[in-house]
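> Pasting in a structure now, in structure tokens, and then I'll have a few things to ask.
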Amino acid sequence: MKATIALFVSSLFSAAFAQAAEAGADTFTNPVVPGAPILRSHDLANWEFVGHSVPTLDFGERYNLTNGIAYRGGTWASTMRYRESTGLWYWIGCVDFWYTYTYTAPDPAGPWTRTSMSEGGRCYYDCGLFIDDDDTMYVVYGATDVKMAQLSPDGLTQVRSETIFSASDAGVDGIEGNRLYKKDGFYYILNDHPGSTTFIWKSESPWGPWESKELVNSIASPVQWGGSPHQGSLIETPEGKWYYMSFTWAYPAGRMPVLAPITWGCDGFPKLVTDENGAGGPLKPEWEWNHNADETKYEVREGLTLRTATVTDDLYKARNTLTHRIHGEFPVGTLRVDFSGMADGDVFGLAAFRDRSAAIEIARVGDNFTLRARHNVTQEESAWETVDPGTVVASEAGLDVSEIWLRVSLDARPSGSKQAEFFYSLDGDEFVALGGAYELWTNWAYFMGYRYGIFNYATKALGGSIKVLSFTYE
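For the sequence shown, the positions run -20 to -1, 1 to 454 when mature numbering (1 follows the signal peptide of the UniProt record, and there is no 0) is used.
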């Protein structure tokens, strides 16, 4: 859709909750809108309700809830577009899998009038309406087998319909949520394998042949505990920017629309742009892994989730230890962590990290969580083998919280004490020392010096995780 405003239509009847952005079009907070009939926006982030494309559910007696007969059904993944030649908005939707209805209106706010109903047995399931440059109207629709319908000049009846591809052409067993677009002479269809993967299909003709590429594959939701964004739409702004608006499953609130920018690759296919407020994203460049990371074991989304990537009892053999350079004479790093996702046998913590390390850590054994200070985890300096797993110098058992702050404070002056001290807090305000001071190692062989190290590894089996909520340093 390219216009001075954007409109969003949904045939969901469950409501969700909005967290509207106040910063304008360039920044936004997900979810951007709740599920609703028709909403209008000038910046894709702030939305207002303007009307209902289906004024009343006049699809039969059972929709009146009379004689004790209720209904479960209604419209399915409808579509709405503006046709300049007639000055009308067109809404098309399938009802109860048996009929396709068309409504038109001079304005999205209405009044909407039913203008046609298909014969029984024809349902434009999960459909996308498109009006071509020559004013021809098309509807892409279907589940598993995707079809293209060409409509009559008035847009009210069908004159042609063909199967154009199947879900198996993309290597999946089902497809839904079809939408049709045109850009730079190519036609594009956006659709989904339910719940996980969004595909984009490209062709020089509405009738094919079509080639496909993944746009989204099981990415993290920008809504905490939400499902992978899917079944969405592409939107072009008047400035030529593109966005992907889609749903994330976020029950009990319902399916919430979320937003992410789109760029276009040299192959003519769109690419999703993700960040910490979109659907996952990269770490900032000041963070470095101790080895090439297992990228399947972490994600950035409202914090950093570190899943255990190694079964070991050796800090130096634990993959996905994340490090950050220390700065200044008296560097202090403070880590805030939700560790409710730890599994039995997991160990995570914050280290003063190099070939001789010390750390403050939490270990889970069964249902017991123990806070520990560990000193002198050591590698020798030729083959870099671990020669000392370190010594637990202090511990406190029986933690009954799921969130904690860990802190390391160092004297990094060449003429200073060269000591590291470790602290913890249960509220982020009052910090308690644990384990006393550790004398930092100064040998040249590990010439990059000490770094903050955030680690999480399993000693029994993979599957646990922690969520880093924040890291601050002075």
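Where a beta carbon is used, it is the ideal one built from N, C-alpha and C, also for glycine.
1) Let's test the definition: count the other Cβ atoms within 10 Å of the Cβ of residue 147 and tell me whether it reaches 16, buried, or not, exposed.
2) Residue 258 to residue 372, Cα distance in whole Å?
3) Could you pull out every residue in the same chain whose Cβ sits closer than 6 Å to the Cβ of residue 247, ignoring the five residues on either side in sequence?
4) Could you check which residue in 203, 36, 331 has the C-alpha nearest to that of residue 451?
5) Starting from residue 64 and walking both ways along the beta strand (DSSP E), at which residues does that stretch end?
6) Bridge partners for residue 244 per DSSP, in chain order?
7) Tell whether a beta-carbon distance below 8 Å holds between residue 319 and residue 434.
8) How about residue 35 and residue 90: are their beta carbons less than 8 Å apart?
9) Check the DSSP bridge columns for residue 350 and list the partner residues they point to.
10) Using three-state DSSP, classify residue 295 as helix, strand or coil.
11) If you run the structure through DSSP and keep just helix, strand and coil, what is residue 393?
12) Which residue comes first and which comes last in the beta strand (DSSP E) that contains residue 436?
13) Nearest-angstrom Cα distance between residue 424 and residue 311?
14) With 16 as the cutoff for other CB atoms within 10 Å, does residue 29 come out buried or exposed?
15) Which term fits residue 252, buried or exposed, when burial requires 16 or more other beta carbons within 10 angstroms of its beta carbon?
16) Take the Cβ of residue 15 as the centre, count every other Cβ of all protein chains shown within 10 Å, and call the residue buried at 16 or more, exposed below.
17) Where residue 241 and residue 219 are concerned, what is the direct C-alpha to C-alpha distance, given to the nearest angstrom?
18) Could you name the residues of the same chain whose beta carbon sits closer than 8 Å to that of residue 346, not counting the 5 residues immediately before and after it, in chain order?
19) Take residue 71 as the anchor and find which of 410, 65, 93, 383 has the nearest alpha-carbon.
20) Taking the Cβ atom as the reference point for each residue, do residue 171 and residue 126 lie within a distance shorter than 8 Å?
21) Which one or two residues does DSSP pair with residue 359 in a beta bridge?
22) Less than 8 Å between the CB atoms is what I'm expecting for residue 340 and residue 404, so what's the real figure, rounded?
23) When DSSP labels each residue in this structure, what does residue 457 get in the three-state scheme?
24) Going by DSSP in three states, residue 276 sits in which element: helix, strand or coil?
25) Tell me whether residue 376 sits in a helix, a strand or coil according to DSSP, three-state version.
26) Are there 16 or more other CB atoms within 10 angstroms of the CB of residue 414, so buried, or fewer, so exposed?
27) Within this structure, are the beta carbons of residue 432 and residue 420 separated by less than 8 Å?
28) Just grab the DSSP bridge partners of residue 156 for me.
29) To the nearest angstrom, report how far apart residue 163 and residue 208 are at their CA atoms.
30) May I ask you to report which of helix, strand or coil DSSP gives residue 288?
31) Measure the C-alpha to C-alpha separation of residue 441 and residue 291 and round it to an integer number of angstroms.
32) Could you name the residues of the same chain whose beta carbon sits closer than 7 Å to that of residue 2, not counting the 5 residues immediately before and after it, in chain order?
33) Our contact map puts residue 275 next to residue 393 with C-beta atoms below 8 Å; I'd like the distance itself, whole angstroms only.
34) Indicate whether residue 303 and residue 356 have their beta-carbon atoms separated by less than 8 Å.
35) DSSP three-state call for residue 26: helix, strand or coil?
Quick answer:
1) By the 10 Å Cβ count, residue 147 comes out buried.
2) Because the pLDDT at residue 258 is just 41, under 50, the model does not fix this residue reliably, and the point stays unresolved.
3) Counting only Cβ-Cβ distances below 6 Å, and skipping sequence neighbours, we find nothing.
4) In terms of Cα proximity to residue 451, the closest of 203, 36, 331 is 331.
5) First-last for residue 64: undefined, no H or E at that position.
6) Under DSSP, residue 244 takes part in a beta bridge, and its partners are 250.
7) Going by C-beta atoms, residue 319 is not nearer than 8 Å to residue 434.
8) In this structure, residue 35 sits near residue 90, with a CB-CB distance shorter than 8 Å.
9) Answer is 343.
10) The answer is helix: DSSP assigns residue 295 an H, G or I state.
11) DSSP places residue 393 in coil when its eight states are reduced to three.
12) Unbroken beta strand (DSSP E) run through residue 436: 431 to 438.
13) Going from the Cα of residue 424 to the Cα of residue 311 covers about 20 Å.
14) Around the C-beta of residue 29, fewer than 16 other C-beta atoms lie within 10 Å, and the residue is accordingly described as exposed.
15) Buried, by the Cβ-count rule.
16) Note that residue 15 scores a pLDDT of 33, beneath 50, so its modelled location is shaky; the value from the coordinates is reported in the next line. A residue is called buried once 16 or more other Cβ atoms fall within 10 Å of its Cβ, and residue 15 is buried on that count.
17) One C-alpha to the other measures close to 13 Å.
18) Result list for residue 346: 324, in chain order.
19) Considering only alpha carbons, the answer is 93.
20) Contact: yes.
21) Answer is 366.
22) Confirmed, Cβ separation roughly 6 Å.
23) Given that the chain is displayed from residue -20 to residue 454, the structure contains no residue 457 and the question cannot be resolved.
24) Assigned with DSSP and collapsed to three states, residue 276 falls in helix.
25) When DSSP states are grouped into helix, strand and coil, residue 376 belongs to the strand group.
26) Result: buried.
27) Contact: no.
28) BP columns for residue 156 point to 172.
29) Taking the Cα positions, residue 163 is about 26 Å away from residue 208.
30) Looking at residue 288 - three-state DSSP - the assignment turns out to be coil, as it is neither helix nor strand.
31) As the crow flies, the alpha-carbon of residue 441 is around 6 Å from that of residue 291.
32) With a pLDDT of 33 at residue 2, under the threshold of 50, the predicted position of this residue should be treated as unreliable, and no value is reported.
33) No, residue 275 and residue 393 are not in contact; Cβ-Cβ is about 37 Å, not under 8 Å.
34) Cβ atoms of residue 303 and residue 356: not closer than 8 Å.
35) If DSSP states are grouped into helix, strand and coil, residue 26 belongs with coil.
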